[in-house]
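Trainee: Numbering (our numbering), first residue to last: 326 to 648. Below you will find the structure I want to go over with you.
Take a look at the structure:
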């Protein structure tokens, strides 16, 4: 996608977000780390959203340079007259899964700030290359449809704040060119080249393989997302027409349904009893047993087979009697 005013009209696209009231011109927050991607987002928002723009930078405190980098972003925002806030991740930092913990802290801090300041939309600069890298990583892991659909354009940060990623169809190269044309110097995070992370290898594969066009790969992820939405619609329809409550139990008629619809109905039914996010292979083993007419238990839920499938809380285990 070319970075024209028509292609990336943030004001129009924010107004079209689900749940936004007509004519709403309230403030919109941006996640701005100082990298080329987020600086490009800042420039686009300054152009399209004007005085509605608020910039948020999270100082994770993981590198000695982080405070100075946040100050550098603040200086850029001051030159553009965009209000800027630095949010600091305080407290001890984990040694394991540090990137995931930092990501969770970043969204928590920004989401809490937005909710406290009446800002209903948080925009991030995820772009086509990010989407392409995500797709390649999940292909390598053998992910199913939901995983291959990649990064969602619209999500929720918390109950009050919508997360919006409007640049998923724009290449990293285009964003970098925009920043360079504005005379800005982006911050280079060394973790982006750390070989310890799968994303670094996916990025290197894209760079070394011109035939893997990030924009086209991102378009494939968008098509998969559309397919996921259609499946969700079908599952909702099957849920309303094929399931019913029977006391403490849930009864489902899965006869003649496609296998993927059955799988999603089972996952949803398990979630009704608190078995959220069950292991995928375990769900498939349960479906195989119940389809054969047996009963099986997963996540504290007992599922009995037959013409109708019956989901109910599993009875507590019998106490072991001492001899």
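Quick reminder that beta carbons are idealized off the backbone N, C-alpha and C, glycines included.
Are the region 533 to 540 and the region 590 to 597 touching by the rule of at least three beta carbon pairs closer than 8 Å?
Mentor: These segments do not touch.
Trainee: Near residue 462, what residues of its chain come up, given a Cβ to Cβ distance below 8 Å and the 5 sequence neighbours on each side ignored?
Mentor: For residue 462, where only same-chain residues beyond five positions count, the Cβ hits under 8 Å are 523, 524 and 527.
Trainee: Kindly indicate which three-state DSSP category residue 343 falls into: helix, strand or coil?
Mentor: It is coil, neither helix nor strand.
Trainee: In three-state terms, what does DSSP make of residue 631?
Mentor: Coil.
Trainee: On the premise that residue 638 lies in contact with residue 573, defined as a C-beta separation below 8 Å, what is that separation, rounded to the nearest angstrom?
Mentor: Yes, residue 573 and residue 638 are in contact; Cβ-Cβ is about 7 Å, under 8 Å.
Trainee: Could you give the residue range of the alpha helix (DSSP H) that holds residue 526?
Mentor: 523 to 533 is the extent of the alpha helix (DSSP H) around residue 526.
Trainee: Quick check on DSSP: helix, strand or coil for residue 621?
Mentor: In the structure shown, residue 621 sits in a strand (DSSP, three-state: E or B).
Trainee: Which two residues bound the contiguous alpha helix (DSSP H) that contains residue 418?
Mentor: Premise fails: residue 418 is in no alpha helix (DSSP H) and is neither H nor E.
Trainee: How should residue 416 be labelled, buried or exposed, when 16 other C-beta atoms within 10 angstroms of its C-beta is the threshold for buried?
Mentor: Exposed, since its Cβ has fewer than 16 Cβ neighbours within 10 Å.
Trainee: Determine the direct distance from the alpha carbon of residue 563 to that of residue 579, and round the result to whole angstroms.
Mentor: One C-alpha to the other measures close to 9 Å.
Trainee: Residue 390: which of 590, 615, 635 and 515 sits nearest, CA to CA?
Mentor: Answer by Cα proximity: 515.
Trainee: With 16 other CB atoms within 10 Å as the buried threshold, where does residue 613 fall?
Mentor: Looking at its Cβ environment, which holds fewer than 16 other Cβ atoms inside 10 Å, residue 613 is exposed.
Trainee: Between the alpha carbons of residue 631 and residue 577, how many angstroms are there, rounded?
Mentor: Straight-line Cα distance between these residues: approximately 10 Å.
Trainee: When DSSP builds the beta bridges, which residues end up paired with residue 577?
Mentor: Paired residue(s): 568 and 634.
Trainee: Would you give the residue range spanned by the beta strand (DSSP E) that residue 381 belongs to?
Mentor: It spans 378 to 384 - the beta strand (DSSP E) in which residue 381 sits, taken as one unbroken run.
Trainee: Grab the span of the alpha helix (DSSP H) containing residue 612 for me, first residue to last.
Mentor: Its alpha helix (DSSP H) spans residues 605 to 616.
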